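Take our numbering: the last position of the sequence shown gets the number 206, and nothing is skipped along the way.
The block underneath contains the structure these notes are about, expressed in structure tokens.
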Amino acid sequence: MLQMNLNTLNEFRHAVCGCFKQAGDALFNTIDALSSETAAHSFPELSLSPLFPRRWPSLYEAFEDGKIDAEQLRQVFVQFAPLPGPGAYVFVGVDTSNLYRREAETAVDRTLVPLANVPESAHAVCPAWVISSVVLLPEEAGQATLVLDSQRVASTGLAMQVGANQVQAVVDLLVQRGLRPVILADRWYACAPFLVRMAQV
Numbered sequence: 006m007l008q009m010n011l012n013t014l015n016e017f018r019h020a021v022c023g024c025f026k027q028a029g030d031a032l033f034n035t036i037d038a039l040s041s042e043t044a045a046h047s048f049p050e051l052s053l054s055p056l057f058p059r060r061w062p063s064l065y066e067a068f069e070d071g072k073i074d075a076e077q078l079r080q081v082f083v084q085f086a087p088l089p090g091p092g093a094y095v096f097v098g099v100d101t102s103n104l105y106r107r108e109a110e111t112a113v114d115r116t117l118v119p120l121a122n123v124p125e126s127a128h129a130v131c132p133a134w135v136i137s138s139v140v141l142l143p144e145e146a147g148q149a150t151l152v153l154d155s156q157r158v159a160s161t162g163l164a165m166q167v168g169a170n171q172v173q174a175v176v177d178l179l180v181q182r183g184l185r186p187v188i189l190a191d192r193w194y195a196c197a198p199f200l201v202r203m204a205q206v
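Shown next, in the form of structure tokens:
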């Protein structure tokens, strides 16, 4: 299990907060509340978290007015990742996951995605967001998998193109540190939109 001293944790939290360019305090309190109140199912419930010292309208401020510098946040995640020294190989994975939002009728840009763990003949779908993530894979079983970049795939976009852009950005940061990234992905990424972009990595 990864160990982190309090000074490093405080530095990380401060660096993450610096990536919030608008409604930063509300966004940061919201992250703390979401991390601690896993059973909350509504904004009023989430606002009752001891880690959310604001009133519940601040949650709306965080989600409606909040602005995050994604590039800067990616740099922070790489900066604080437990990376080996220069010249070492690191394994980077890319994949998508579905964030099901069946009841979120007002959520913007939901798409219909297949439900997992159903018979092939069922063809069941559910409204959801598709999330593309690039992660630092552990060297040993049982170690943590660390997210280096995460983006929602718009209904007008392709997961392969989003993933390729993410991988390229993360690899650039790792190479700047003298590391040798090895990219791992499942068979769905063995396609032209992804491989053409990887030619530049």
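Even for Gly, the Cβ is constructed at its ideal location relative to N, Cα and C.
Since we're looking at a predicted model, the values are computed, not measured.
The beta-carbon distance between V97 and L142, rounded to whole angstroms, is 7 Å. This is short enough to meet the 8 Å contact definition.
At a Cβ-Cβ threshold of 8 Å, D100 and A159 do not count as neighbours. Every beta strand (DSSP E) of 3 residues or more that sits fully in the stretch 46–133 is shown, in chain order, as 94–105, 116–119. In the DSSP assignment, S41 falls within the unbroken alpha helix (DSSP H) covering 29–41. Here the alpha carbons of L200 and G168 stand approximately 11 Å from one another. Within its own chain, the residues whose Cβ lies closer than 7 Å to the Cβ of A133, once the five positions on either side in sequence are excluded, are N103, L104, Y105, R106, R115, T116, V118, listed in chain order.
A121 and E66 have their C-alpha atoms spaced approximately 34 Å apart. S138 has D100, S155 as its beta-bridge partners, per DSSP.
For R192, no beta strand (DSSP E) encloses it, and the DSSP letter there is neither H nor E.
Per DSSP, T150 lies in no alpha helix (DSSP H) segment and is marked neither H nor E. For E125 and D70, the gap between their C-alpha atoms comes out near 42 Å.
Using a 10 angstroms sphere on the CB of V83, the tally of other CB atoms reaches 16 or more, which defines it as buried. Nearest to R202 by alpha-carbon distance, out of L179, A44, L163, F57, is L163. C-alpha of A149 to C-alpha of P87: approximately 10 Å in a straight line. For C131, the CB contacts under 6 Å within the same chain, skipping 5 residues up- and downstream, are Y105, R107, L120 in chain order.
As a beta-bridge residue in DSSP terms, R185 pairs with Y94. Between V139 and V180, the beta carbon gap of about 14 Å keeps them out of contact (Cβ cut-off 8 Å). Beta-bridge pairing by DSSP links F25 to I73. Under the three-state reduction of DSSP output, G162 falls in the coil class, being neither helix nor strand. Just measuring C-alpha positions, the residue of I73, V175, V135, L56 sitting nearest L153 is V175.
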